[in-house]
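Worksheet: the structure to be examined is printed underneath.
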Amino acid sequence: MAQDALTSTGESIAVPDGLAGVASDWSADKEAFGVPWGKAMMWIFLVSDTFIFASFLTGYMTVRISTTVPWPNPSEVFALTIGGQHIPLVLIAIMTFVLITSSGTMAMAVNFGYRGDRKKTAMLMMATAALGAMFVSMQAFEWTKLILEGVRPWGNPFGAAQFGSTFFMITGFHGLHVSVGVIYLSIVAFKVWRGDYARKGNYQIVEITGLYWHFVDLVWIFIFALFYLW
Amino acid sequence: MAHAEGQQHPIKIYLWIWLLLFVLSAFSYMVDYLHIQGYLRWTLILIFMFLKAGLIVSVFMHMAWERLALVYAILVPPLCLFVLVGLMATEADYTFLTRLAFFAE
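For the record, the sequence lines run as chains A and B.
The numbering of the first sequence is this note's numbering, which starts it at 1 and goes up by one.
The numbering of the second sequence is this note's numbering, which starts it at 1 and goes up by one.
What follows is the structure, given as structure tokens:
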């Protein structure tokens, strides 16, 4: 289906979809991709971040394959005893559900933003930030527990020494992303609440913030599968 | 289809995807909880991982509705990473065998 796009001189022209659309979007005399520049820049940043996390995870894969010492069993290392019940990997499961819940509230915030519902957007973004803060707190608890059990970047009592270095590196970098996301979300939520975007009539920034937040959730899905479950 | 005023879709679709993500996460956790081992475990983990990643990118991040040029610009470069993973897996296997040959008592 063809749609309209603005040229650099402000005229509206029809642009094709499909492969012909790929060619015309890259070559035509107008902004590439036909999305606001902020969104294109966030996507490009997220691609670069994908490469960073992929390099960490590939490094983890390499040391895990090449070590001759048995890898610690994550299912047992991250088990908790709650009310006398020994549950494997339970904290990580809860953290996963908290982050997915936050992704849902973020998606709703974007939706209400485009509907122009200032209060609901701000509330949902604050809920997302609160869930993110909850995730980071649980991660702090997890780190404390492991450090007290003697896990260090250079060794641990459970098996291969590389377990500690990759664990702190990967979850630490992800936790940093979540923490930055909580700050980013809080700032944008405050500006939504104050009515900055209602005045401009443009809630695009909520979607851009949402892209970052969903990416943080996306990375966690890979870490959860490849580090904790493998 | 992309809109000039931004991405606007029915709330229902977000709620469905949200529910699906919960169910898929529960499935991934069950893989560990039920002690499924070996190739079945790795296959299930990867299937659930890619399904969840796909749902988030296509619906929550609106990739399904973006122009094809943007979709290609974002999703094609990370495919190089599979080459990196392949190279490093081979290299790591070699390192492992060399260590077995030289460190084994």
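Backbone N, C-alpha and C define an ideal beta-carbon position, used for all residues, glycine too.
Remember, predicted model here, so these are calculated numbers, not experimental data.
In the DSSP assignment, A/T96 forms no beta bridge with any residue. Counting every other CB atom within 10 Å of its CB across the protein chains shown gives B/H62 a total of 16 or more, marking it as buried. The DSSP assignment places no complete run of the alpha helix (DSSP H) inside the segment 27-59 of chain A (cut-off: 4 residues). In this structure, DSSP gives A/R152 an extended state, which the three-state scheme calls strand.
At a cut-off of 7 angstroms between beta-carbon atoms, A/F33 makes contact with chain B. The distance from the Cβ of B/L20 to that of B/L55 is about 6 angstroms, consistent with a contact at the 8 angstroms cut-off. Looking only at A/G113, A/H86, A/T171, A/L185, the smallest Cα-Cα distance to A/A133 is reached by A/L185.
Non-local beta-carbon contacts of A/S102 in its own chain, meaning distances under 6 angstroms to residues more than five positions away in sequence, involve T128, L131, G132 in chain order.
Sequence-ordered contacts of the segment 113-127 of chain A with chain B read G113, Y114, R115 [C-beta pairs closer than 9 angstroms]. Put simply, of A/K191, A/M169, A/H214, A/D196 the residue whose alpha carbon is nearest the alpha carbon of A/T58 is A/M169. If you ignore the 5 residues before and after A/Y228, its C-beta comes within less than 7 angstroms of the C-beta of P74, F78, L89, I92, all in its own chain and listed in chain order. For A/P72, the number of other beta carbons within 10 angstroms of its own is at least 16, and it is reported as buried.
Secondary structure of B/H35 (DSSP, three-state): coil. Distance from the CA of B/Y29 to the CA of A/Y212, rounded to the nearest whole angstrom, comes to 25 angstroms. With contacts defined by Cβ atoms closer than 7 angstroms, A/S165 and B/T95 do not form a contacting pair. Chain A places a beta carbon closer than 7 angstroms to that of B/W18, counting this residue as a contact. Within chain B, the residues whose beta carbon sits less than 8 angstroms from that of A/P88 are D32, Y33, listed in sequence order.
Within the same chain, G164 come within 6 angstroms of A/V151 by CB-CB distance, once the 5 residues on both sides are set aside.
Separation of the CB atoms of B/L70 and A/V35 is rounded to 6 angstroms, and the pair is thereby assigned contact status at 8 angstroms.
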